[in-house]
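This report concerns only the one structure given below.
In the numbering used here, the protein residues as written are 7 to 78.
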């Protein structure tokens, strides 16, 4: 079974692989990278509401992370 990174490398237009890579990066707290993958997935499938929601959530988490760092 291919991982998200493998799937994206083999076929950068495979939206499912790109999307799953974004979700995995988000789960690891790597929000900036997640946003990049999720934005690519959204470009490939702009009407997909699940991708749009995941992208918005990653952007919110990144903003929260930035604010948290600034308060230290």
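Don't be surprised by glycine CBs; every beta carbon is placed ideally from N, CA and C.
Distance between residue j and residue i (C-alpha atoms, nearest Å)
i: residue 27; j: residue 72; result: 22 angstroms
i: residue 55; j: residue 75; result: 30 angstroms
i: residue 30; j: residue 40; result: 8 angstroms
i: residue 66; j: residue 32; result: 11 angstroms
i: residue 68; j: residue 47; result: 18 angstroms
i: residue 58; j: residue 77; result: 29 angstroms
i: residue 52; j: residue 62; result: 13 angstroms
i: residue 8; j: residue 38; result: Bear in mind that the predicted position of residue 8 carries a pLDDT of just 46, short of 50, making it unreliable; the figure below should be weighed with that in mind. Going from the Cα of residue 8 to the Cα of residue 38 covers about 23 angstroms.
i: residue 24; j: residue 17; result: 9 angstroms
Near the ligand MN: residue i beta-carbon under 6 angstroms from a heavy atom
i: residue 49; result: Ligands displayed in this structure: none; no statement on the ligand MN is therefore possible.
Inter-residue CB distance, residue i and residue j (contact presumed, cutoff 8 angstroms)
i: residue 64; j: residue 44; result: 6 angstroms
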